[in-house]
Amino acid sequence: MSVFDTIRIAASGLTAERLRMDVAASNIANAQTTRTQNGQASQPYEAEEVVFQAQQMGPESAAQGVSAIAIVNSNAANVRTYDPSSPDADASGFVTYPNVDIASEMADMMGAARSYQINATAAQAAKQQALDAIDLGKA
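Just so you know, we're using our numbering here: the sequence shown kicks off at 1 and counts up by one.
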């Protein structure tokens with residue numbers, strides 16, 4: 001495996017983890033959104049999850065990185081809360097809130113941030129290794 005394969009693998013991880021952080025941030029931002037973009041109160045925001053898959057880094061390379069193949073809606077159930085004073089309450093006084101678990105989203109975001117940091121460190125180490133090899137060639 002070449003230094004460039006290492007950088008490509010780390011770059012694919014950086015891209016994947018950034019998307020994972022973006023999706024988690026979107027879920028957290030919409031944790032209390034009880035209406036659709038069109039203003040319909042009957043459909044709260046649906047939490048999303050990223051699906052990853054191994055990706056071949058080149059036609060002649062055995063190295064594998066990662067790529068996001070889909071962003072899917074979570075299958076967790078929405079939360080119904082009794083709040084008859086809410087303008088989004090149904091006829092029974094219940095409001096349907098999104099299926100976003102803030103603690104899980106924060107843990108996912110922290111894991112993504114840590115993985116991002118590790119991939120950035122790996123890319124930097126590979127870059128430094130290539131620069132050191134160039135310096136050896138000059139001597």
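All C-beta atoms in this analysis are idealised placements derived from N, C-alpha and C, irrespective of residue type, glycine included.
How many Å lie between residue i and residue j at the Cα?
i: residue 90; j: residue 108; result: 32 Å
i: residue 50; j: residue 26; result: 12 Å
i: residue 23; j: residue 138; result: 46 Å
i: residue 122; j: residue 65; result: 13 Å
i: residue 99; j: residue 112; result: 20 Å
i: residue 131; j: residue 119; result: 18 Å
Check residue i in the structure and name its three-state DSSP category.
i: residue 15; result: helix
i: residue 121; result: helix
i: residue 111; result: helix
i: residue 39; result: coil
i: residue 54; result: strand
i: residue 137; result: helix
Please list, in chain order, all residues of the same chain as residue i whose beta carbon is under 7 Å from its beta carbon, the five residues on each side excluded.
i: residue 9; result: 57, 63, 65
i: residue 31; result: 98, 100, 102
Near residue i, what residues of its chain come up, given a Cβ to Cβ distance below 6 Å and the 5 sequence neighbours on each side ignored?
i: residue 28; result: 105
Taking the beta strand (DSSP E) that residue i falls in, what are its first and last residues?
i: residue 45; result: Where residue 45 is concerned, there is no enclosing beta strand (DSSP E), given that its DSSP letter is neither H nor E.
Any heavy atom of the ligand NAP closer than 6 Å to the CB of residue i?
i: residue 111; result: Ligands displayed in this structure: none; no statement on the ligand NAP is therefore possible.
The region 11-18 touching the region 82-98, judged by at least three CB pairs closer than 8 Å: no
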